[in-house]
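Student: Those letters in the sequence shown? Residues 462 to 869, per this note's numbering, in order.
Glycine included, every Cβ here is placed at the ideal spot set by N, Cα and C.
The structure follows.
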Amino acid sequence: MRRVWPGVRRAPLWLRLVAGVLALVSATLLVTGFAGTRLLRHYLMAQTEKRLVATAERVRHFPRLTVPRPGGGRQELPSDYVVQSYAPDGTLVQTLDSGDQAAPRVRPGPVDRPFVSGDWLVVRVADQREPGYLTVATRLTDVDDTVDRLATINLGVAGFALLALGVACWGLARTLGRIEAALLSREASERAALSAAEQMRRFVGEASHELRTPVTTIRGYADVHRQQRGTLEPADTDRIIDRISAQAVRMTGLVDDLLLLAQLDQHRPLAAEPVDLLDVAADVVLDDLTDRVTLTGESAPVVGDPVRLRQAVANLVDNAVRHTAGPVSVRVGPGTVDVTDEGPGIPAAHADRIFERFYRAGTTRAEASSGAGLGLAIVAAVAAAHGGAAVLVASERGAHFRLTLPTT
Numbered sequence: 462m463r464r465v466w467p468g469v470r471r472a473p474l475w476l477r478l479v480a481g482v483l484a485l486v487s488a489t490l491l492v493t494g495f496a497g498t499r500l501l502r503h504y505l506m507a508q509t510e511k512r513l514v515a516t517a518e519r520v521r522h523f524p525r526l527t528v529p530r531p532g533g534g535r536q537e538l539p540s541d542y543v544v545q546s547y548a549p550d551g552t553l554v555q556t557l558d559s560g561d562q563a564a565p566r567v568r569p570g571p572v573d574r575p576f577v578s579g580d581w582l583v584v585r586v587a588d589q590r591e592p593g594y595l596t597v598a599t600r601l602t603d604v605d606d607t608v609d610r611l612a613t614i615n616l617g618v619a620g621f622a623l624l625a626l627g628v629a630c631w632g633l634a635r636t637l638g639r640i641e642a643a644l645l646s647r648e649a650s651e652r653a654a655l656s657a658a659e660q661m662r663r664f665v666g667e668a669s670h671e672l673r674t675p676v677t678t679i680r681g682y683a684d685v686h687r688q689q690r691g692t693l694e695p696a697d698t699d700r701i702i703d704r705i706s707a708q709a710v711r712m713t714g715l716v717d718d719l720l721l722l723a724q725l726d727q728h729r730p731l732a733a734e735p736v737d738l739l740d741v742a743a744d745v746v747l748d749d750l751t752d753r754v755t756l757t758g759e760s761a762p763v764v765g766d767p768v769r770l771r772q773a774v775a776n777l778v779d780n781a782v783r784h785t786a787g788p789v790s791v792r793v794g795p796g797t798v799d800v801t802d803e804g805p806g807i808p809a810a811h812a813d814r815i816f817e818r819f820y821r822a823g824t825t826r827a828e829a830s831s832g833a834g835l836g837l838a839i840v841a842a843v844a845a846a847h848g849g850a851a852v853l854v855a856s857e858r859g860a861h862f863r864l865t866l867p868t869t
């Protein structure tokens, strides 16, 4: 059983609902706010770098820089840029700025590519007029201030939104104190769990019974052969071996069906190939040895597992052939395969359960079919795995089954 903190377990339902909603919204606001500020900083940095590189391209073609004197000379640069001239050995030669900001101490960096040095964004370019190189720098104060201002706004808006949402959720959650609805929901969950457990118990029991029958038969014939092998005629020995082989085949088929259902229950991916349902149905009809099955219809392309789809159609046809001595009709349409027989049909009392595993319409095992009751269950499971369904269509005579699949 999953452990729950005692404090959380004792908290009222409305409080847990409000806390959960606020926690979810808080996480959402935190993520979106963080992403927004990061995107804004990235955008502002990109714009600043673009302007800095453009300015550097202009500066690199200027004559040798001179330190500006009061009241003299024309300043060619914006006031928020600092231009420095360096000798080839890295010695600072001259600085040009607005005079109201300290010049940056620039560390070595790449050429022609902006880089951050402290709180400055710097680009280093070759001096086209003199030996050495130039650096053009601008402070990142405006970028940082803008991002910080957005973060502050986000925090304020998020706080107000959470407060308003908390009040609204509290008002709504307090009106959800209908204990009866909660109890009914819990009762429904318990019934579903009990039903699933009962279905599993019945499945295991039926599987054990169906497997026990061929095992018992094989063991019985093996004992007979071991006890009487000295007196048995060759024909009797062959008959015993044939019975053992037949029961082994039956048990193998049952095990294969159980494994297939288990794989489908685990939602293991099936093949997804272009398949024509008309070709699948034709293949099944050609394998029929009774000469009672006819096929009509048109090409019906779908996407699915050809092996499993063939097995589903074959199970429908085999079910019809085993339950009637008359003709069986297979009709293929867009996304559908209909199998109809003229047998005794299926009583209404059994119609809702006909696709259940190990369920057989006979009131006793003698009246039921000789199969294990897994054929139609496999049809339903294969159809569901392909996003389709298997249904029993109401008919005035015989039984009419329809396999439906999504069309391409």
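1) Is the stretch 731–738 touching the stretch 693–702, taking contact as three or more C-beta pairs under 8 Å?
2) Taking the beta strand (DSSP E) that Asp-802 belongs to, which residues open and close that run?
3) Using DSSP's beta-bridge definition, name the partner residues of Val-586.
4) DSSP three-state call for Gln-767: helix, strand or coil?
5) Going by other Cβ atoms of all chains shown within 10 Å of its Cβ, with 16 needed for buried, is His-522 buried or exposed?
6) Roughly how far, in whole angstroms, is the beta-carbon of Gly-758 from the beta-carbon of Glu-803, given that I think they are within contact range, below 8 Å?
7) In the DSSP assignment, what are the bridge partners of Phe-576?
8) Just tell me which of His-503, Thr-678, Arg-690, Ala-723 has its CA closest to the CA of Val-870.
9) By DSSP, does Thr-556 sit in helix, in strand, or in coil?
10) Quick test of your reading: Thr-516 and Val-597, contact by CB under 8 Å. State the CB separation rounded to the nearest angstrom.
11) Would Phe-495 be called buried (16 or more neighbouring beta carbons within 10 Å of its own) or exposed?
12) Classify Phe-621: buried if its beta carbon has 16 or more other beta carbons within 10 angstroms, exposed otherwise.
13) Return the Cβ separation of Val-774 and Thr-868 in integer angstroms, given the expectation that the two are a contact with Cβ distance under 8 Å.
14) What's the call for Pro-633, buried or exposed, on a 16-neighbour Cβ count within 10 Å?
15) Where Arg-673 and Ala-643 are concerned, what is the direct C-alpha to C-alpha distance, given to the nearest angstrom?
16) Closer than 6 Å by C-beta to Asp-588: which residues in its own chain qualify, once you throw out the five before and the five after it? Chain order, please.
17) Quick check on DSSP: helix, strand or coil for Gly-424?
18) For Leu-739, report the span of its alpha helix (DSSP H) as first-last.
19) In chain order, what residues of the same chain have a beta carbon less than 8 Å from the beta carbon of Gly-570, not counting five sequence neighbours either side?
20) Go ahead and pull the three-state DSSP assignment for Phe-870.
21) Locate the alpha helix (DSSP H) running through His-811, then write down its first and last residues.
Tutor: Reading it off the structure:
1) no
2) 797–802
3) Leu-595
4) According to the sequence as given, residue 767 is Pro; it is not Gln. DSSP places Pro-767 in helix when its eight states are reduced to three.
5) exposed
6) Wrong, their Cβ atoms sit about 19 Å apart, outside the cutoff.
7) Val-583
8) Past the edges of the chain, shown from 462 to 869, lies residue 870, and the structure says nothing about it.
9) strand
10) 6 Å
11) exposed
12) exposed
13) So it is not a contact: roughly 16 Å between Cβ atoms.
14) Looking at the sequence provided, one finds Leu at residue 633 rather than Pro. It counts as exposed.
15) 45 Å
16) Tyr-594, Leu-595
17) No statement about residue 424 is possible, as the shown extent of the chain runs from 462 to 869 and does not include it.
18) 738–748
19) Phe-576, Ser-578, Val-583, Arg-585
20) The structure shown does not extend to residue 870, since the chain is modelled only from 462 to 869, so the question has no answer here.
21) 809–812
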